[in-house]
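Reading through the structure tokens given below for one structure.
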Amino acid sequence: MAEHKVLLAGTDEHDLTQLAEYRAIGGYRGVEKARAMTPDELIDELQRATLRGRGGAGFPMGRKASLIDRKSAKPKYLVVNADESEPGAFKDREVMARAPHRLIEGCLISAHAIESRDVFIYIRGEYLTEYEILTAAVEQAREAGILGDVQITVHRGAGAYICGEETAMLESLEGKRGQPRPRPPFPPIQGLYMAPTQINNVCTIATVPVILELGAEEFAKTGVPSSPGTAIFSISGNVVRPGNYELDLGTPMRELIYEHAGGVAGGRELKAVVPGGSSVPALTPDQIDVPLDYDSLGAIGTFFGAASLIVVDDRCCMVQLALRSTKFYMHESCGKCTPCRVGTRWMVQILESIENGTATHADLDLLDNIGDNILGKVLCALGEFAVYPVASYLHKWRDEFVAHIEQGGCPFHGSSSLDGILAPSDQHAQTPVGEEALV
Amino acid sequence: MSTELVRVTIDERDVHVPKGTGIVETALAAGVEIPVFCYEPRLGAPIGACRMCLVEVEGMPKLQTGCTLTAQDGMVVKTARTSTRAAQGQNGTLEFILVNHPLDCPVCDKGGECPLQDLTFRYGPGNTRMSFDKLTFEKPVPISPTISLDRERCILCYRCTRFSESVSEDGQLVAANRGALSVITTFEDVPYTGAFTGNVTELCPVGALLPTQYRFEGRPWEIVDVPTVCGLCPVGCNVHATVREGKVKRILSRNHPEIDEGWICDKGRFAFTHLRAEDRLTQPLQRVRRHGLEPVSWEQAVDEAERLLRGARGRIVTALSGSETVEHAYALGKLLRVGLDSHQAMLPEEISGGLDAYRLPLSAIRDADVVVVLGDVPIVERAPVVDLWIKAARRNGARVVDDANDPAVAEAERVVLVWSGPGGRGGSTVAKLAEKLGLAGREGCGAFYLPETPNGRGVADAWAACCDEEGEAVESIGLLVVSGDEAAADENVRALAEQAEATIVLSMFGGLSAGWADLVLPGTGYLERDGTFVNLEGRLQRLRRTVDPPCPDELEWIAQLAARFEVDVAPYTAAVFAEVSERVYGGLAFGEVGERAPLRGYPEAPERIGREALPEPPQKARRGEIRLVAYRPLFSGAAVERVTELQFQRPQPELELSADDARRRKIATGDLVTVGSNGSAITLPARVNRRLRAGIARVALEHANGLHGVVEVAKAEAEVTA
Numbered sequence: 001m002a003e004h005k006v007l008l009a010g011t012d013e014h015d016l017t018q019l020a021e022y023r024a025i026g027g028y029r030g031v032e033k034a035r036a037m038t039p040d041e042l043i044d045e046l047q048r049a050t051l052r053g054r055g056g057a058g059f060p061m062g063r064k065a066s067l068i069d070r071k072s073a074k075p076k077y078l079v080v081n082a083d084e085s086e087p088g089a090f091k092d093r094e095v096m097a098r099a100p101h102r103l104i105e106g107c108l109i110s111a112h113a114i115e116s117r118d119v120f121i122y123i124r125g126e127y128l129t130e131y132e133i134l135t136a137a138v139e140q141a142r143e144a145g146i147l148g149d150v151q152i153t154v155h156r157g158a159g160a161y162i163c164g165e166e167t168a169m170l171e172s173l174e175g176k177r178g179q180p181r182p183r184p185p186f187p188p189i190q191g192l193y194m195a196p197t198q199i200n201n202v203c204t205i206a207t208v209p210v211i212l213e214l215g216a217e218e219f220a221k222t223g224v225p226s227s228p229g230t231a232i233f234s235i236s237g238n239v240v241r242p243g244n245y246e247l248d249l250g251t252p253m254r255e256l257i258y259e260h261a262g263g264v265a266g267g268r269e270l271k272a273v274v275p276g277g278s279s280v281p282a283l284t285p286d287q288i289d290v291p292l293d294y295d296s297l298g299a300i301g302t303f304f305g306a307a308s309l310i311v312v313d314d315r316c317c318m319v320q321l322a323l324r325s326t327k328f329y330m331h332e333s334c335g336k337c338t339p340c341r342v343g344t345r346w347m348v349q350i351l352e353s354i355e356n357g358t359a360t361h362a363d364l365d366l367l368d369n370i371g372d373n374i375l376g377k378v379l380c381a382l383g384e385f386a387v388y389p390v391a392s393y394l395h396k397w398r399d400e401f402v403a404h405i406e407q408g409g410c411p412f413h414g415s416s417s418l419d420g421i422l423a424p425s426d427q428h429a430q431t432p433v434g435e436e437a438l439v
Numbered sequence: 001m002s003t004e005l006v007r008v009t010i011d012e013r014d015v016h017v018p019k020g021t022g023i024v025e026t027a028l029a030a031g032v033e034i035p036v037f038c039y040e041p042r043l044g045a046p047i048g049a050c051r052m053c054l055v056e057v058e059g060m061p062k063l064q065t066g067c068t069l070t071a072q073d074g075m076v077v078k079t080a081r082t083s084t085r086a087a088q089g090q091n092g093t094l095e096f097i098l099v100n101h102p103l104d105c106p107v108c109d110k111g112g113e114c115p116l117q118d119l120t121f122r123y124g125p126g127n128t129r130m131s132f133d134k135l136t137f138e139k140p141v142p143i144s145p146t147i148s149l150d151r152e153r154c155i156l157c158y159r160c161t162r163f164s165e166s167v168s169e170d171g172q173l174v175a176a177n178r179g180a181l182s183v184i185t186t187f188e189d190v191p192y193t194g195a196f197t198g199n200v201t202e203l204c205p206v207g208a209l210l211p212t213q214y215r216f217e218g219r220p221w222e223i224v225d226v227p228t229v230c231g232l233c234p235v236g237c238n239v240h241a242t243v244r245e246g247k248v249k250r251i252l253s254r255n256h257p258e259i260d261e262g263w264i265c266d267k268g269r270f271a272f273t274h275l276r277a278e279d280r281l282t283q284p285l286q287r288v289r290r291h292g293l294e295p296v297s298w299e300q301a302v303d304e305a306e307r308l309l310r311g312a313r314g315r316i317v318t319a320l321s322g323s324e325t326v327e328h329a330y331a332l333g334k335l336l337r338v339g340l341d342s343h344q345a346m347l348p349e350e351i352s353g354g355l356d357a358y359r360l361p362l363s364a365i366r367d368a369d370v371v372v373v374l375g376d377v378p379i380v381e382r383a384p385v386v387d388l389w390i391k392a393a394r395r396n397g398a399r400v401v402d403d404a405n406d407p408a409v410a411e412a413e414r415v416v417l418v419w420s421g422p423g424g425r426g427g428s429t430v431a432k433l434a435e436k437l438g439l440a441g442r443e444g445c446g447a448f449y450l451p452e453t454p455n456g457r458g459v460a461d462a463w464a465a466c467c468d469e470e471g472e473a474v475e476s477i478g479l480l481v482v483s484g485d486e487a488a489a490d491e492n493v494r495a496l497a498e499q500a501e502a503t504i505v506l507s508m509f510g511g512l513s514a515g516w517a518d519l520v521l522p523g524t525g526y527l528e529r530d531g532t533f534v535n536l537e538g539r540l541q542r543l544r545r546t547v548d549p550p551c552p553d554e555l556e557w558i559a560q561l562a563a564r565f566e567v568d569v570a571p572y573t574a575a576v577f578a579e580v581s582e583r584v585y586g587g588l589a590f591g592e593v594g595e596r597a598p599l600r601g602y603p604e605a606p607e608r609i610g611r612e613a614l615p616e617p618p619q620k621a622r623r624g625e626i627r628l629v630a631y632r633p634l635f636s637g638a639a640v641e642r643v644t645e646l647q648f649q650r651p652q653p654e655l656e657l658s659a660d661d662a663r664r665r666k667i668a669t670g671d672l673v674t675v676g677s678n679g680s681a682i683t684l685p686a687r688v689n690r691r692l693r694a695g696i697a698r699v700a701l702e703h704a705n706g707l708h709g710v711v712e713v714a715k716a717e718a719e720v721t722a
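Protein chains in written order, with our numbering: chain D, 1 to 439; chain Y, 1 to 722.
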């Protein structure tokens with residue numbers, strides 16, 4: 001099946017960063033439609049569309065909007081999570097770079113639904129080009145009078161992965177240290193500046209104009225019933241054509257890897273697929289016939305996550321891969337809650353000892369047990385993101401871990417290539433003084 | 001919190017608590033302890049950081065933090081005592097906490113009184129599975145001359161940074177870096193400065209933040225914590241003095257929820273070493289012609305005192321400090337008034353009973369709707385903990401205004417007035433205002449006057465009560481009796497000494513009386529005294545002798561002297577108190593004053609005594625004029641001057657200006673300004689304070705060079721440099 005461009009519709013034929021071109025293909029008609037509706041009608045429409053959040057958790061966007069306490073005397077805020085930091089994910093980036101007005105239109109519709117006049121787009125600090133495109137687009141919309149009484153503020157992050165966690169993002173927006181808050185209270189009740197706040201991912205919000213254009217019923221017919229619509233899948237790693245592909249939800253993973261992305265590069269064997277960004281449990285080659293939607297991936301013990309597939313071929317040492325991903329989470333742990341702050345560093349220490357051959361069999365159980373002591377005990381999901389992939393590597397490729405111990409070192413003897421599989425942590429991180437002393 | 005009671009089951013025990021009660025408190029009500037590190041209700045909303053309080057809640061798939069949960073009807077909670085999952089979670093957390101924590105308890109000052117140590121013994125694993133290098137940091141790092149930080153021991157519970165952010169609101173302590181490398185620090189390593197910094201050493205649940213004064217000074221089995229009351233300001237915070245081998249080693253807070261909520265200021269906490277100051281007097285000194293002051297025996301000193309007193313009968317004037325205990329003041333008064341017919345005394349400030357109808361516990365400030373702060377002396381400089389209560393009120397949504405005519409005052413239900421400034425006639429001005437606003441008898445309404453002396457009210461009560469006769473004003477002073485270091489340091493008192501034929505000074509420190517006393521008697525400090533103080537709420541509180549003084553207690557020689565004038569003064573505090581109490585405190589027994597004293601009513605208001613320290617300046621400057629308020633800073637006075645490690649806290653030479661006045665004169669923060677009046681002038685850097693009223697400028701007394709009242713303020717001429 002071919003790509004089904006909805007979020008990215010028109011981006012190949014037009015320069016949709018320009019307001020006129022976006023309007024020429026019917027842009028901003030959705031917001032007109034939405035503003036003709038009452039907020040209640042609009043929320044009802046969004047709920048019937050059952051659009052699930054594209055940020056990772058898959059919570060229905062319409063239901064989220066319905067939770068906002070609109071009767072509150074406080075201002076209502078819409079915050080768009082554009083702090084795309086998950087290793088392997090680059091879908092939001094493409095939407096902002098190529099269809100910024102679709103995102104802005106989605107903001108205006110969603111703001112109308114929750115009676116908000118203040119929209120914040122929290123964009124990853126490293127996305128400078130996208131920031132410039134987006135702010136220029138907001139300015140065009142403002143000048144054209146499209147924003148109405150809504151204020152859209154694009155705020156740049158400062159390089160912390162944790163600020164993609166919704167409550168840490170709110171803290172950061174308030175000018176504080178980006179660390180998650182305990183929940184409850186949940187943001188729809190008490191979010192930004194203690195006021196009701198709706199937080200959605202870029203792709204979620206950019207899908208909203210499509211719902212208005214098609215109507216909820218028509219939209220719900222695309223994709224699969226439990227996960228309607230399309231998603232932009234970022235695929236990276238050892239494939240022939242890495243990149244973003246917008247596909248109907250429910251498309252088989254095999255089709256994405258072998259048809260759209262051209263299969264494993266160099267004709268090598270597929271070893272593993274990490275399907276939702278680096279934070280989710282990996283799949284083995286016999287599991288890739290799974291349809292790409294929330295429930296199907298959940299049913300086989302992994303997550304849809306950020307719709308970002310990392311394809312790993314047979315040259316890769318799973319211990320090295322675990323180390324690379326755990327180092328990232330150790331580096332990005334915010335330091336607020338104990339299990340994540342301490343556990344991620346300890347995991348790295350154990351993984352390093354496995355890789356360099358000084359570990360024992362007991363260390364494998366220890367690694368597993370440390371994971372258990374993090375899972376479900378942390379303040380936010382970051383600590384769990386460190387554990388999910390490593391636990392899956394350890395369980396599914398245990399013989400490889402054991403081989404490290406029995407051979408007193410890496411069985412790949414340095415031949416393992418992690419080229420193109422996630423970025424090493426020192427490449428994406430500005431190293432603070434003393435970092436080398438961390439482990 | 002609602003008054004609706006809900007039923008919660010904790011470890012199979014049912015308990016009824018108000019809806020919304022925290023689960024940690026709910027469990028306590030059921031007799032179950034949930035261990036915590038980061039949780040501390042006085043720091044505001046819980047943050048759920050340390051994960052020590054994990055519990056299992058029926059119907060919730062994941063373990064929950066007890067500190068962030070609130071009681072809902074029908075909730076069924078299992079703690080680590082009955083839930084294997086909760087126990088596993090808790091053990092895992094404790095193991096994580098200990099992974100990088102050094103095993104240096106035997107040399108750690110916190111050892112033996114350390115929550116982490118206690119909880120590890122109670123819940124922790126007996127062994128460690130951590131076989132790699134622990135994180136190391138440079139240690140200890142002084143974050144100020146009074147506090148040192150050991151980052152290896154730190155478990156990052158964020159209690160200290162939360163205190164700094166949301167209690168003292170100074171924002172100086174912050175976390176830097178991320179993840180395992182997170183460290184507590186001050187911004188750009190500037191020393192942690194402010195009135196309340198020491199509280200973080202008590203909040204710290206491990207040995208990370210420690211007072212430098214106590215470093216390696218005592219082990220828990222060698223010390224005794226003696227409950228007493230701080231005597232350095234009129235708040236009267238309840239404290240513990242940690243005593244080892246007859247020496248005070250440390251001052252800790254002793255939470256009185258109505259007075260201090262467990263917070264004390266750095267002066268109260270760190271100034272105690274003045275007890276061991278180099279110029280501390282232990283022996284009486286007598287002026288010998290051409291030789292100056294020379295040490296004499298106590299017998300000689302008492303004989304000499306008798307001689308001086310006898311020679312000046314009826315012509316003795318007493319300068320009190322307001323820091324005497326009620327009993328000392330009463331005994332001295334009885335000796336001089338009954339025995340020597342000398343009734344005239346002065347206090348550094350006026351005392352009035354006018355506020356007695358508007359008494360409230362300080363904690364009522366937190367619950368006020370509107371707090372009216374009158375007078376322009378910074379509250380924190382005069383009665384520091386009151387400042388924390390006002391900050392708490394503001395965080396609770398109260399309006400804090402500086403004008404009693406503010407429309408918010410008329411609309412509010414609970415109004416509290418606070419007078420902090422020169423003038424105020426001992427509180428009678430603010431009492432009149434309270435009457436005008438109709439605050440009498442209204443729930444949650446009241447008024448406070450912040451005096452300068454720690455026990456002015458108690459001293460005034462005692463002086464008034466010790467004799468029924470009233471004397472004439474003394475025309476020529478035969479003998480001036482100067483009681484205490486504050487009086488000895490007072491310029492007005494020294495001026496009086498010039499007129500007196502002779503002067504007896506009662507003082508802790510030699511430096512204060514060297515040039516002008518005829519007889520110097522060593523005095524005791526508040527930590528060495530047994531007795532009572534009356535704080536600014538009008539609350540009678542008990543001081544305990546935490547260590548023996550290096551000289552006899554005042555009561556001893558006052559009683560001796562009294563006997564020589566046929567006056568009956570007991571040398572025992574309890575007996576003297578019984579006499580005062582009969583007359584002032586409704587016969588309350590000494591033993592019933594209480595370790596956490598309640599706020600009792602007053603049977604009668606005593607007469608006013610004392611005088612203004614400075615002539616009262618006009619309350620309102622005319623338009624365009626600036627009135628200079630020269631205030632006595634918190635970090636000043638005889639005790640602070642003798643504590644080396646507190647010198648960094650002394651006020652900077654600077655002039656605070658309101659935004660209005662600064663703008664009009666084109667002055668910005670940091671600019672040099674000239675302040676002048678009647679030909680004398682000083683030059684200081686300016687600091688613009690947006691909270692200051694227009695027409696007011698402020699400077700610490702020690703930088704005022706005698707200036708006060710209406711002044712000219714102008715940007716200093718740029719200096720021409722070669």
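Idealized CB from N, CA, C, for every residue including glycine.
Should residue i be flagged as near chain D, meaning a C-beta pair shorter than 8 Å?
i: Cys50(Y); result: yes
i: Ile47(Y); result: yes
i: Arg611(Y); result: Interpretation of Arg611(Y) is limited by its pLDDT of 40, a score under 50 that renders its predicted location unreliable; the figure taken from the coordinates is listed afterwards. So no, Arg611(Y) is outside the interface.
i: Leu614(Y); result: Unreliable positioning characterises Leu614(Y) in this predicted model, as indicated by a pLDDT of 37, which lies under 50. A coordinate reading is not provided.
i: Leu156(Y); result: yes
i: Pro618(Y); result: In this prediction, Pro618(Y) scores a pLDDT of 45, lower than 50, which makes its location untrustworthy; no coordinate-derived value is stated.
Taking the straight line between their C-alpha atoms, what separation do you get for residue i and residue j?
i: Pro617(Y); j: Leu701(Y); result: Because Pro617(Y) carries a pLDDT of 43, less than 50, the predicted location of this residue cannot be relied on, and the following value inherits that uncertainty. Their backbone Cα atoms lie some 15 Å apart in a straight line.
i: Ala345(Y); j: Lys715(Y); result: 44 Å
i: Val174(Y); j: Ala208(Y); result: 14 Å
Whose Cβ in chain Y lies nearer than 9 Å to the Cβ of residue i?
i: Pro187(D); result: Within 9 Å Cβ-Cβ: nothing; Pro187(D) doesn't reach chain Y, min ~15 Å.
Let me know if residue i comes out buried or exposed under the rule of 16 or more other beta-carbons within 10 Å of its beta-carbon.
i: Ala73(D); result: exposed
i: Leu192(D); result: buried
i: Val288(Y); result: exposed
Would you please verify whether the beta carbon of residue i is less than 8 Å from any beta carbon of chain Y?
i: Pro424(D); result: no
i: Met330(D); result: yes
Quick one: which chain Y residues come within Cβ less than 8 Å of residue i?
i: Val441(D); result: Absent from the structure is residue 441(D), since the part of chain D shown begins at 1 and ends at 439.
So residue i contacts chain Y; which residues on that side make the cut at Cβ distance below 7 Å?
i: Gln349(D); result: Phe132
At a CB-CB cut-off below 7 Å, which residues of chain D make contact with residue i?
i: Gly333(Y); result: Simply none; closest approach about 56 Å.
(request) Decide if the stretch 302-312 of chain Y is in contact with the stretch 675-684 of chain Y; the criterion is three or more beta carbon pairs, one per stretch, under 8 Å apart. (result) Contact fails: fewer than three Cβ-Cβ distances are below 8 Å.
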